[in-house]
Each structure stands twice: as structure tokens, then as C-alpha cells.
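Each remark here refers to the structure printed beneath this line.
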Amino acid sequence: MTTKGSKKEAISNAQNQAPRQNELSMEGRIPAMPCVYHRNFRILRTYGLRQAKTSRVEYISPRRVVCPQCGKSSLKLYDHYSRQAAFINDEGAKRTFLIQAKRYKCQHCTYLFREPIEGLLPKKRSSEQYRKAITHEYIKNVNNKTISKEFGVSPSTVERIIHERFELKIKESLNYPAPLMIGIDEHTIHKGRKFATTIADLGNHRIYDIIEGKSLAQVERTLKTYKNRDKVQMVCMDLSSSYRNIVRKCFPNAKIVADRFHVIRMIQHHFMEFCKQAQQTIRWKRLIIHPLRKRTCNLTSREKQTLHQLFELNPAIGISHHFKEQLCDLLRIKTQNVKQCKRNIRKLREMMLMLTHQAPPEMKKIGLTIRKWYAPIIRMWRYLQNNGITEGFHRKMKLIQRRAYGFRNFQNYRLRVLVECGGFNL
Numbered sequence: 001m002t003t004k005g006s007k008k009e010a011i012s013n014a015q016n017q018a019p020r021q022n023e024l025s026m027e028g029r030i031p032a033m034p035c036v037y038h039r040n041f042r043i044l045r046t047y048g049l050r051q052a053k054t055s056r057v058e059y060i061s062p063r064r065v066v067c068p069q070c071g072k073s074s075l076k077l078y079d080h081y082s083r084q085a086a087f088i089n090d091e092g093a094k095r096t097f098l099i100q101a102k103r104y105k106c107q108h109c110t111y112l113f114r115e116p117i118e119g120l121l122p123k124k125r126s127s128e129q130y131r132k133a134i135t136h137e138y139i140k141n142v143n144n145k146t147i148s149k150e151f152g153v154s155p156s157t158v159e160r161i162i163h164e165r166f167e168l169k170i171k172e173s174l175n176y177p178a179p180l181m182i183g184i185d186e187h188t189i190h191k192g193r194k195f196a197t198t199i200a201d202l203g204n205h206r207i208y209d210i211i212e213g214k215s216l217a218q219v220e221r222t223l224k225t226y227k228n229r230d231k232v233q234m235v236c237m238d239l240s241s242s243y244r245n246i247v248r249k250c251f252p253n254a255k256i257v258a259d260r261f262h263v264i265r266m267i268q269h270h271f272m273e274f275c276k277q278a279q280q281t282i283r284w285k286r287l288i289i290h291p292l293r294k295r296t297c298n299l300t301s302r303e304k305q306t307l308h309q310l311f312e313l314n315p316a317i318g319i320s321h322h323f324k325e326q327l328c329d330l331l332r333i334k335t336q337n338v339k340q341c342k343r344n345i346r347k348l349r350e351m352m353l354m355l356t357h358q359a360p361p362e363m364k365k366i367g368l369t370i371r372k373w374y375a376p377i378i379r380m381w382r383y384l385q386n387n388g389i390t391e392g393f394h395r396k397m398k399l400i401q402r403r404a405y406g407f408r409n410f411q412n413y414r415l416r417v418l419v420e421c422g423g424f425n426l
């Protein structure tokens, strides 16, 4: 049983709570409050309390607005305008803002302009943080369709945002001077039909540029656009005469260094050609071809026995194999000082004389190639850098092509390679 006083207190409490319940029952309305997506926005109204995807906000400029035409601060409020854009916070929550911003009129020069919104560029419908989040998802190899569903934009918008940010980073990269140590090599985009030339920064282990094609005119035209070309110290390359002529024109002060892998592969190739000429049955016997290509220190006991039987049947192959191993061991030496290099040069010259006067025709080609590339080859003893970095990036480029099922547009391929292999921080 309740008393009369307790009934009055209950009625008064219900009357006090009624306005609060009416306020909470107003669908889609919350009082003005600070915004967690951007510190310069104040939320005026949110549509849909459960989902809360769209908010009407007011922009509060953090600094004094000045006229972009004359730089004066004597401004007069002209009118307001609305602008819609997508934002994302640090936790990854996305929301669309209907921004209420101001237009000003300069009292000094009568220029009309809109106040700039921090974090939102002109004519853009998404913030820079929002576009950066899309780029990070794209770098994780997420396809455009999945990104468009997650961020609520079309796949074409995703592609356009990616290209804008990639091109901006690439322009920033190419504004830097050319690397001090460069690696040049070619790779295929469409096997046997379409090629590209790779310019690698060997000092920083990254790709500096990708040039379409491998023609002399096209590569030379692009290399001449690089800044500080005269400060390039070293260029590592394979045994390509066309690239050597381009390097001499575009990098006059650079030392050309032959890639050790390509030099030894050249020696192995001519040696195997001689073996196939000396004994025709070798070309069909893989159990013999594989041990002939391996280093002597890496041979198993069974492989040594196989080679011993072969050399007994054909002593010329055994003599050539021993000579080939000595030459390759000499060219594999690294980090030599001046005195050691002079001693190695004397050994190399003696072996070149043997190749010229005593070797069979297939082995003489080794001596001719070494004579043609004499200076770049002997520089391998002084320089540690080689094109292994470039070849490793070629492997990564093949993976990029495979993920995309090939590229028809070279510029799209170049953008993707430079972003993934160029060491950019997006």
C-alpha cells in the first residue's frame, strides 16, 4: 500500500524523465558533439543511431583563414556551402560527412573563395586518410572488387585512387638524383614479344625505373632525363654490347662492371658446346651433363666416378674441364686489393694465351669474349656489387604479372612494379 506522498513523487519523476525519453526517441538525432574522425569537425546530426553511417557536420578551421589571392585576412562571410565526403578514423571505422563550410569574400581584392578543409583536397569526395587506407589494402593484393565493397565505392574509383597516389610517389622518386651504383638488365613482359629494361639502385636495393622496350633510342632517351648522370660511379650489366654503348653515352664517368653470373655462364655455355662436339652422345645423357656443369668441390662420389670414366674415354674433355674450373675459380674471387688484382691479371692473361693458341674452336670463343670485355671483367675483383639484386626483382616482377594475369597497359605494369619494388612508403 502506497501513501499519497509517494504517489506525488512518482508522478513528478515521470514528468522529469518524459522530456529525456522524448529526446532519445527522436530518430537519428544526437546533440552537437566533437568528432572522432577529424578534430576540426563538430557533429550536428547523425542519421540512423544503429548504423550511424552519415553525419551532418560543421567545419571549424584550426587556423586563421587568409585570402589565397592577396594574402590579406580582412575577410567577410559571404555564404555557406555543403560538401559530401567519406572519412575514416584510426580504428578503421568509415563514415560519410555532409560538411557545412563557409565561403568568404575578401574586402581588399573582392575575391570569393571557399575555406580549405584540412585533410580533404579540392574536388575530392574522400579524405586523404581514406584514400591512403584504400592504397594499403591494394598493396596487400586485395582485388578491386573486394575493396570497392568494403569502402563503398566503385571499382573504377579504386583504380583511379591507386593510380593517383602511385603516380605522385613515382614523380617524387624520379625527382631524386640518379643512384651512384646502377644495375641494368632486361626482362620480358610477354615472352618473346614485349620487353622492358630494368634500372636498379644497387646501393639501396630497390628498383629506380622501368623503361618500355630495349631499343637503343628509347633507352638512351629515358636515361638522359635522369638528374646528376655524371655522378654515377658504377654500372653493372651483362655482356651486352648495345647496353655498354648506351652507358658510355649517358653515364660518362661510370665504371662498367660485368656481372659475374653472366661471365661464368658464358664460359659454361662454350664448354658444353665443345663437349657436345667432342662426343655426340653427351647431349642426350643428363647424368653426364649435370656433373660437367657443377663445381668440382660440389661433386658427389658417384658424380666424380662418372666424370672419371668420361675423361678416360675422351681425354680432351677432361683437359678442357680442368681448364674451365681453373678459369671460373679465378673469376669468382672477390674483394681484391691492387696487388692481388695485378697477380690475378697475370694469371688471366696466361689463360687467354692458352685459349688463343691451344684451345679448340669452341673454347677459343671464351678468349675472344674475355678480350672484348677485358676491363669490365677484371673490375669484378674490386667491386662487390653484381646484378643479383636486379635478377631477384625480376622474379618478383614475374609474380606481379602472374597475380594480374598479365598486363596489357605498360604504364599500369610500371606503376605496380615501382610501388612494390621501389621502396615507397605509401
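The UniProt record's numbering puts the last residue of the sequence shown at 426; the count rises by one with no breaks. Don't be surprised by glycine CBs; every beta carbon is placed ideally from N, CA and C. Nothing here was measured: the structure is a model prediction, and the numbers come from that model.
Just how far apart, CA to CA, sit residue i and residue j?
i: R332; j: R260; result: 7 Å
i: R346; j: S240; result: 25 Å
i: R131; j: F41; result: 19 Å
i: T300; j: P291; result: 9 Å
i: E325; j: R295; result: 7 Å
i: F271; j: P179; result: 37 Å
i: V65; j: Y383; result: 57 Å
i: L353; j: K372; result: 14 Å
i: M266; j: A404; result: 34 Å
i: S25; j: S55; result: Reliability fails at S25, whose pLDDT of 36 lies under 50, so the model's placement of it is uncertain and the value that follows must be treated cautiously. When rounded, the distance between both Cα atoms is 18 Å.
i: K194; j: I43; result: 55 Å
i: I400; j: I88; result: 29 Å
i: T135; j: G119; result: 16 Å
i: S127; j: L223; result: 36 Å
i: I139; j: G422; result: 13 Å
i: K276; j: S242; result: 30 Å
i: A137; j: E362; result: It should be pointed out that residue 137 corresponds to Glu in this sequence rather than to Ala. Answer to the nearest angstrom: the Cα atoms are 54 Å apart.
i: Y413; j: R160; result: 15 Å
i: R349; j: H308; result: 29 Å
Measuring alpha carbon to alpha carbon, tell me which residue in the options is nearest residue i.
i: Y81; options: S73, C67, Q100 and L75; result: Q100
i: T46; options: Y59, R39 and F97; result: F97
i: P252; options: V263, E220, E273 and I264; result: E220
i: Y104; options: K94, H394 and P116; result: P116
i: R244; options: K224, L216, M266 and D230; result: L216
i: W381; options: E167, D329, G392 and I207; result: D329
i: D90; options: E420, R114, S126 and A133; result: A133
i: G213; options: N409, S55, R416 and V419; result: N409
i: L168; options: H187, L415 and K334; result: L415
i: E58; options: L327, Q84 and V263; result: Q84
i: K72; options: Y111, A86 and K94; result: Y111
i: Y78; options: R114, K276 and A258; result: R114
i: K94; options: N386, K149 and T356; result: K149
i: N387; options: T281, H163 and H187; result: H187
i: Q69; options: F166, L202, C106 and P122; result: C106
i: H205; options: F393, R402 and T335; result: F393
Can you look up residue i in the DSSP assignment and give me helix, strand or coil?
i: C297; result: helix
i: L368; result: helix
i: Q129; result: helix
i: S241; result: helix
i: T110; result: coil
i: R408; result: coil
i: I134; result: helix
i: R165; result: helix
i: residue 427; result: This structure cannot speak to residue 427, because the chain is shown only from 1 to 426.
i: L292; result: helix
i: W373; result: coil
i: M26; result: Interpretation of M26 is limited by its pLDDT of 38, a score under 50 that renders its predicted location unreliable; the figure taken from the coordinates is listed afterwards. M26: coil per DSSP, three-state reduction.
i: F251; result: coil
i: H205; result: coil
i: G392; result: helix
i: L399; result: helix
Taking 8 Å as the threshold (C-beta atoms), are residue j and residue i in contact?
i: M237; j: K255; result: no
i: H108; j: S61; result: no
i: P155; j: N228; result: no
i: Q279; j: N314; result: yes
i: A196; j: I211; result: yes
i: I377; j: V247; result: no
i: R302; j: Q268; result: no
i: A200; j: I189; result: no
i: V417; j: M397; result: yes
On the DSSP bridge assignment, give the partners of residue i in chain order.
i: Y59; result: F41
i: D79; result: R103
i: G183; result: A200 and C236
i: I210; result: T198
i: R95; result: F87
i: I256; result: V235
i: Y47; result: T54
i: H190; result: K194
i: L355; result: According to DSSP, which records beta bridges pairwise, L355 is partnered with nothing at all.
i: I117; result: L120
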